[in-house]
Each structure stands twice: as C-alpha cells, then as structure tokens.
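In my numbering, the protein residues as written are 6 to 462. Ideal Cβ placement from N, Cα and C applies to all residues, glycine included. Here the structure is laid out as structure tokens; the discussion comes afterwards.
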C-alpha cells in the first residue's frame, strides 16, 4: 500500500549515499564545519587590490566553482537539462540579475562585487544541496546538520558559564545575532526532523532532543530579540499544524525563558515605549549645540527607527533601481547624523530597506521571489512533501521576522545554512516523490491489465 504524508515516507537507505563521490563528502563536511570556523574565516584576511578578502572567500569560491562545474557538465557533457540546475536557475536568476544591475551602478564597485559574490555563494550551495541531497537521505542529512551546531553551541554555553563574552554569548561567531540566526535554522530543522521521524532509531530520536534543548538555551543567551520572536513563531505554528501535542510545552516555554539571565532585560528594552527624545534633539546633542545636555542614552529600537526614517527619502528618489549595491553604508553619513562613536558609516539593520535602497524595487522583488520560491519548490514533492513544505514555509516566515531587524544577507554562515536546508529537504523529498509516483503508475498499470484480463475472460 502506498501512503502519503511526511510521517509515512519510506526512509532513504543509507546505502544510497555511496552514489556520492568522496570529494562531495569532504565538501559536505566543510559545510557542516563552516559555522564552527566563522571567526577564523573572518579574522584571516588578505588584500587583493581594493578588495579585502577573508579566508571564507576561498571557501565560497570552492562552492561557486563546484556549482559551476555541475552546471557546465550538465550543459556540455550530458547535453540534457538537469533538473537541479534548472530549478536553481529559475529560483535564483531574478535576484542575481537584479543584484548584478545594482552592482554595475554602485559607487563602491569593490564592495559591490564582494556582496554579489556572497549572493552567488548562496545560489551555489543551493545547487549543491539540491544535487547531492537525494544521495544523502534524511537520516544522514539530519546527522550532518546536527553536527554543524555542536561546537557553536558548546562554545556559547562555555562563554555563558565563564562570562567570557559579556552579557550576550556569540559562540564561534563575531556577533551574538549571527549565532542566534544560525540557531533559529538549526533548531527549526532538528525539530522538523524529530516530528517527521527522519531518524529511524528510537534511541537516536531521543538523543536528538539534546541539541534541540541546548540550541534553544544558547539562543536565549544571545539576547537577540528578533531571534526569540522568529523561533517562537516557527515552533508554535509548526507544532499547531503538525503535532498539536507539542503546544503544551510551548505554552510554558516563554515563562521559563524569562528565568534565563538577561532575557527579561532584553525584552523590557524592546517594549519600553515611544522615544523620549526627537531625532532633531539627538542630532543637536551629538553636534554639541545644546549646552549641559549630559550623556544621552538611546535604545537600539529608537536609533534604528531614526536611521530608517532618515534613509527613506533616498529610497523614494531612486525607487526602481536604487543607489547601487553596497551603497547604504557608503552614503549613510550623508543622511544620518547619529553614527556610532568612531564610525564613518552604518549598515541598514533592515534587510528589506537595504535591498530597496541599494537595488530599488527590482532587487527587492528579485529577493522576495528567490526567498519565497526556495520554500514553495517543496510543493513539487507532494503528496509526500507536505511536511517539508510546511517546514520550509514556516522557516521562511520566521526568517522574514529577523530580516526586518538586521543585516542578514551579510551573515554568510546563517545564509549558507538557510539555503542549504531549504534546498536539501527538496532534494531528499524529490527522491521519495519520484519513487511514489513510479509505484503509483505501476499500480495503475497493473489494475488496468487486471481489468482488461477480466473483460477478456
């Protein structure tokens, strides 16, 4: 009997992984290790002309080179359309083309090329995930992703225990927010894998709760409020749609979270009410125009609001194509007077604003297409892909929340993890979907033959 639904999918045999060449497993291991090496990759840099390239650039170059080799091999050697290549191209082409147009118009071409290459790296890891995932299978994919968070989580917990990172832990990343957004993806996938029984062993599924719990604890310790909101939205909606029984512990989770040091303070800061000082007053204080003003503290929410309001006239003056890729920091000193001490530029702290500022409506629409299509592609695996489709859509929804409060597209590890997960679940689901449709066609053919035989008799 053929069953539908993610919970009843026949697990991909571990032996299918032998279809991957050894170098592919090496690349997958590097992808899993990438979050653990983030600080190292960011700190080791080299100057190439006007470009300041990090060691992470070499890793991204490897991803792009492999993806290009797969695409060229499909086009020139096999001379047949490769489904993974075509799917990735359809999903990513609008954003990459729009980003290319914005890069050509950028006042800082060197930085624009770096940003464009980052986007190309996200597309490359998408193609690799979609190509290799059917050979990995759900069980190995779960173990691979679970392993990717071990070192960052343990490092974060060590920092919390020793006070080595101050009030907010950052694990193996240069900023707490990056750790939080990585953990959002990490915990979301493992929770989905748990609900969907990706691991065949009951003992393994029991152990899987440990990285989920520790990941949630580390996320709370980052003090990243957008991460809190995105994680809770995902867990609540996913449980409601797939395992309502899990809503019971989720209801008591927020009060327990408030017991974690620093969480209540961060939430209180975000709900402290309207700004006390106007933007003009703060600018006057910053310039020294107001005598005896003393030290004026502004919460991050107020500061970001004034930043966004100051940038908006530039958006409306170039609504279609924007001011050029990577131009927001370059122009920020011209429209915003409250730059942090010692800083000559500032980032948008809002991905949507960043995109529409730098590439106009064209780049924003290209991004939204890529972002939403990365989740909706799982609809191609129905009926088996129902669980994966729900997971992908809710992960995208949760990530949409954090996109509104930070410079997410600059965070390489988080975005590589996001698109690897979104395309990998499509890949493992595609294998099940093909086998299901093949079995369904075979069953239909047998019924027709049996019917014809009975009529002849």
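Across the structure, residue 247 and residue 255 are spaced so that their CA atoms are roughly 14 Å apart. Taken in chain order, the complete beta strand (DSSP E) segments of 3 or more residues contained in the segment 213 to 288 number zero; there are none.
Look at the segment 305 to 332 and you find these whole runs of alpha helix (DSSP H), each 4 residues long or longer: 305 to 322. Residue nearest to residue 136 within the set 110, 76, 166 and 149 is 76 (criterion: CA-CA distance).
Residue 53 carries a strand assignment under DSSP once its states are collapsed to helix, strand and coil.
If you ignore the 5 residues before and after residue 313, its C-beta comes within less than 7 Å of the C-beta of 355 and 358, all in its own chain and listed in chain order. Non-local beta-carbon contacts of residue 156 in its own chain, meaning distances under 7 Å to residues more than five positions away in sequence, involve 41 and 177 in chain order. Here residue 349 carries a coil assignment [DSSP, helix/strand/coil].
In the DSSP annotation of this structure, the continuous segment of the alpha helix (DSSP H) that includes residue 404 starts and ends at 391 to 408. Contact check for residue 124 and residue 109: beta-carbon distance about 14 Å, past the 8 Å limit, so the pair fails to qualify. Counting along the chain, the unbroken alpha helix (DSSP H) around residue 45 starts and ends at 43 to 48.
The C-alpha of residue 66 lies about 36 Å from the C-alpha of residue 315.
Residue burial annotation: residue 216 is buried, with at least 16 other C-beta atoms found within 10 angstroms of its C-beta. For residue 52, the closest of 337, 423 and 116 by C-alpha to C-alpha distance is 116. With contacts defined as CB atoms closer than 8 Å, residue 141 and residue 433 qualify as a contacting pair. A Cβ-Cβ separation of about 6 Å places residue 232 in contact with residue 189 under the 8 Å criterion. The alpha-carbon of residue 226 is positioned some 48 Å away from that of residue 80. Three or more beta-carbon pairs separated by less than 8 Å link the segment 357 to 372 to the segment 322 to 333, which places the two stretches in contact. In this structure, residue 360 sits away from residue 351, with a CB-CB distance that is not shorter than 8 Å. Among the bridge pairs identified by DSSP, residue 59 is matched with 50. Residue 200 and residue 33 have their C-alpha atoms roughly 24 Å apart. Rounded to whole angstroms, residue 64 and residue 205 show a C-alpha spacing of 33 Å. Residue 175 sits away from residue 162, with the two beta carbons spaced by 8 Å or more. Taking residue 323 as the centre and dropping the five residues before and after it, the same chain places the C-beta of 365 closer than 7 Å to its C-beta, in chain order. Straight-line spacing of the CA atoms in residue 88 and residue 94 works out to 10 Å. Taking a C-beta distance under 8 Å as the contact criterion, residue 221 and residue 151 do not qualify as a contact pair. DSSP places residue 92 within a helical segment (H, G or I) once states are collapsed to three. Annotation: residue 203 is outside any alpha helix (DSSP H) and is labelled neither H nor E by DSSP. Inclusion of residue 428 and residue 379 in the CB contact set at 8 Å is warranted, their separation being smaller than that value.
Its chain contains 315, 316, 318 and 319 as the residues whose beta carbon lies nearer than 8 Å to that of residue 340, once the 5 sequence neighbours on both sides are disregarded; these appear in chain order. Comparing alpha-carbon positions, the option among 223, 253, 57 and 143 lying closest to residue 164 turns out to be 223.
Excluding residues up to 5 positions away in sequence, 72, 75, 76, 89, 90, 93 and 428 lie with their Cβ nearer than 8 Å to the Cβ of residue 132 in the same chain.
Taking residue 181 as reference, the option from 193, 423, 160 and 283 with the minimal CA-CA separation is 160. Our two residues, residue 209 and residue 410, have alpha carbons roughly 36 Å apart in a direct line.
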